[in-house]
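Participant:
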Amino acid sequence: MKHNYRIDYSANAIVVTKSFLEQAGIYGTEEYITLQCIREDFPNMKIVTRSVRTGSRKSETKGLTYKYMRKFISTMDSENLLTFEKVILYYENYEDDNAAVYHRVKEWFLENYPYHRDMIVDTAPKRIIKPVPHEENAAAA
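If you're matching positions, the sequence shown starts at 38 in my numbering and goes up one per residue.
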């Protein structure tokens, strides 16, 4: 059974989901009866809607696939590409679940390349700024 409410004693509040609160607003529903019982037990508590986190926090490891890791290592640290493949084989021998293998390989990658995204930006070709011809003449004078 999914719990759509909880009692938060530290905040002195009954925390409910939005859908639970909507259903509790309909007389006679199970949610209505449940909320009435809770209000009898805790008459001084306020009712608040549970806040839901949105996708505002991007995952630091989003897009971290085997393909990305291979491409990164082959470009930035080609000597370690063979080591990377050995790490995959090593964990495939000890883990039965593909997700567990990926998790271990990802840990290895992040341990060895914690700033992989910054490394890509830092090694990108930079724009060369050429001096304007009239500035060269002024500097020579």
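Ideal Cβ placement from N, Cα and C applies to all residues, glycine included.
#1: Here's the rule: buried if 16 or more other CB atoms are within 10 angstroms of the residue's CB, otherwise exposed. What is A136?
#2: Measuring alpha carbon to alpha carbon, tell me which residue in K55, Y105, G65, N81 is nearest L147.
#3: What does DSSP give as the partner residue(s) for T86 in the beta ladder?
#4: Let me know if I44 comes out buried or exposed under the rule of 16 or more other beta-carbons within 10 Å of its beta-carbon.
#5: Can the beta-carbon of Y42 be found closer than 8 Å to that of I75?
#6: Please state whether DSSP places M166 in a helix, a strand or coil.
#7: What are the start and end residues of the alpha helix (DSSP H) that includes Y103?
#8: Quick check: what's the CA-CA separation for R164 versus M113?
#9: For T160, which residues of its own chain have a beta-carbon under 6 Å away from its beta-carbon, when the five flanking residues on both sides are left out?
#10: Report yes or no: do the segment 120-127 and the segment 71-86 share at least 3 C-beta pairs separated by less than 8 Å?
#11: Quick one: is A61 buried, meaning 16 or more other Cβ sit within 10 Å of its Cβ, or exposed?
#12: For the alpha helix (DSSP H) that D45 lies in, which residues bound it at each end?
Facilitator: Quick look at the numbers:
#1: Residue mapping note: residue 136 aligns to position 99 of the sequence shown, counting from 1. A136 should be labelled exposed.
#2: Reading the sequence shown from its first residue, position 110 is the one you call residue 147. Looking at K55, Y105, G65, N81, the one whose alpha-carbon comes closest to that of L147 is Y105.
#3: Start at 1 with the first residue of the sequence shown, and residue 86 comes out as number 49. T86 pairs with V53.
#4: Here residue 44 corresponds to residue number 7 of the sequence shown, with the count starting at 1. With fewer than 16 other Cβ atoms within 10 Å, it is exposed.
#5: Translated into the one-based positions of the sequence shown, residue 42 becomes position 5. Translated into the one-based positions of the sequence shown, residue 75 becomes position 38. It is a contact, given that the beta carbons lie within the stated cut-off.
#6: If you number the sequence shown from 1, residue 166 lands on position 129. This sequence places Ile at residue 166; Met is not what is there. DSSP, read as helix, strand or coil, puts I166 in coil.
#7: Here residue 103 corresponds to residue number 66 of the sequence shown, with the count starting at 1. Y103: member of the alpha helix (DSSP H) spanning 103-113, first to last residue.
#8: The residue labelled residue 164 in the question sits at position 127 within the sequence shown. The residue labelled residue 113 in the question sits at position 76 within the sequence shown. So the two alpha carbons sit approximately 20 Å from each other.
#9: On the sequence shown, position 123 is the one that residue 160 refers to. Taken in chain order, the list of residues that qualify is empty.
#10: No: fewer than three Cβ pairs fall under 8 Å.
#11: Residue mapping note: residue 61 aligns to position 24 of the sequence shown, counting from 1. Buried.
#12: Here residue 45 is taken as the residue at index 8 of the sequence shown, counted from 1. Premise fails: D45 lies in the beta strand (DSSP E), 42-45, not in any alpha helix (DSSP H).
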